[in-house]
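To start, the structure under review is shown below, and the notes come after it.
Residue numbers (my numbering): 20 to 86.
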């Protein structure tokens with residue numbers, strides 16, 4: 020087996036400082052990689068007219084859902 024060492028305080032603080040510095044750099048950097056792009060959604064109407072229909076199936080559901 021390998022000799023397992025106890026984690027040192029120095030290593031912990033070094034890792035914490037590096038993580039904090041990396042987080043601060045990410046927040047402080049300008050957002051160059053994500054340009055703003057406007058996207059317009061094109062929604063085509065359904066072929067059959069779509070929308071809500073009060074079918075027999077829906078009517079039977081309403082009958083069972085009453086309190």
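Where is the CB? At the ideal position from N, CA and C, for every residue including glycine.
No experiment lies behind these values; they were computed from the predicted model shown.
* To do: From the DSSP output, in three-state form, read off residue 69 for me.
  => coil
* Let me know the secondary structure DSSP gives residue 77 once reduced to three states. => helix
* Asked: Three-state secondary structure (DSSP) at residue 62?
  -> coil
* To do: Could you tell me the distance, in whole angstroms, from the CA atom of residue 57 to the CA atom of residue 67?
  => 30 Å
* Would you identify the three-state DSSP class for residue 25, choosing helix, strand or coil? => coil
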